[in-house]
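Enquirer: Got a structure for you, written out below as structure tokens; questions coming shortly.
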Amino acid sequence: MIRSAILALPLSVLAGAAAAHSKAEGTTPADGATVAEVPMLHIVFDAPMRVIFAALTRDGAEIAMDRETGMEPVAEFHAVPAETLAPGTYRLDWRGMAEDGHPMQGGFGFTVSD
Ligand SMILES: [Cu+2]
80 MIRSAILALP
90 LSVLAGAAAA
100 HSKAEGTTPA
110 DGATVAEVPM
120 LHIVFDAPMR
130 VIFAALTRDG
140 AEIAMDRETG
150 MEPVAEFHAV
160 PAETLAPGTY
170 RLDWRGMAED
180 GHPMQGGFGF
190 TVSD
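To convert, take the position in the sequence shown, counting from 1, and add 79; that gives the working numbering.
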């Protein structure tokens, strides 16, 4: 009884820390996906995120995209590639500020097929 209570404490502390800051829950395209076209790029967050930086790259070269999301905290980030994406392998990397003020970063990759 006492032993289980002691073991339970660190887990609840960890769960509280994990829930404290918002994080990315999903993206479009999905990470690792192969798609025919990319009309829009989405990042879905579990709680508002202020996306300070976002860059789309192909083989390390930046590809222009139009941000539809400003610097306000959002549950969903939207951007549109400035031109039709040629076949190849892409990454979208981002940095942001979570609701609790913690700096966060993430990224995902996808392939545009021929
Ligand atoms: Cu946090």
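The C-beta atom is built at its ideal place from N, Cα and C for all residues, glycine as well.
Just verifying my parser: in three-state terms, what is the DSSP assignment at E104?
Expert: In the sequence shown, the residue the question calls residue 104 occupies position 25. Strand at E104.
Enquirer: Starting from the C-beta of D125, find all residues in its chain whose C-beta is less than 7 Å away, skip the five residues before and the five after it, and write them out in chain order.
Expert: As a working mapping, residue 125 is identified with position 46 in the sequence shown. S101, K102 and E104, listed in sequence order.
Enquirer: Check for me: the beta strand (DSSP E) holding M183 runs from which residue to which?
Expert: In the sequence shown, counting from the first residue as 1, residue 183 sits at position 104. It spans P182 to V191 - the beta strand (DSSP E) in which M183 sits, taken as one unbroken run.
Enquirer: So L171 packs on G186, CB below 8 Å; how close in whole Å?
Expert: For this step, residue 171 is matched to residue 92 along the sequence shown. For this step, residue 186 is matched to residue 107 along the sequence shown. The Cβ separation is near 6 Å, so the contact holds.
Enquirer: Are R129 and P152 touching if we call contact CB-CB under 8 Å?
Expert: The sequence position of residue 129 within the sequence shown is 50, counting from 1. The sequence position of residue 152 within the sequence shown is 73, counting from 1. In contact: R129 and P152 (Cβ atoms closer than 8 Å).
Enquirer: Is A177 a contact residue of ligand 1, with contact defined as CB to any heavy atom under 7 Å?
Expert: As a position in the sequence shown, residue 177 is number 98, starting the count at 1. Result yes, Cβ under 7 Å from ligand 1.
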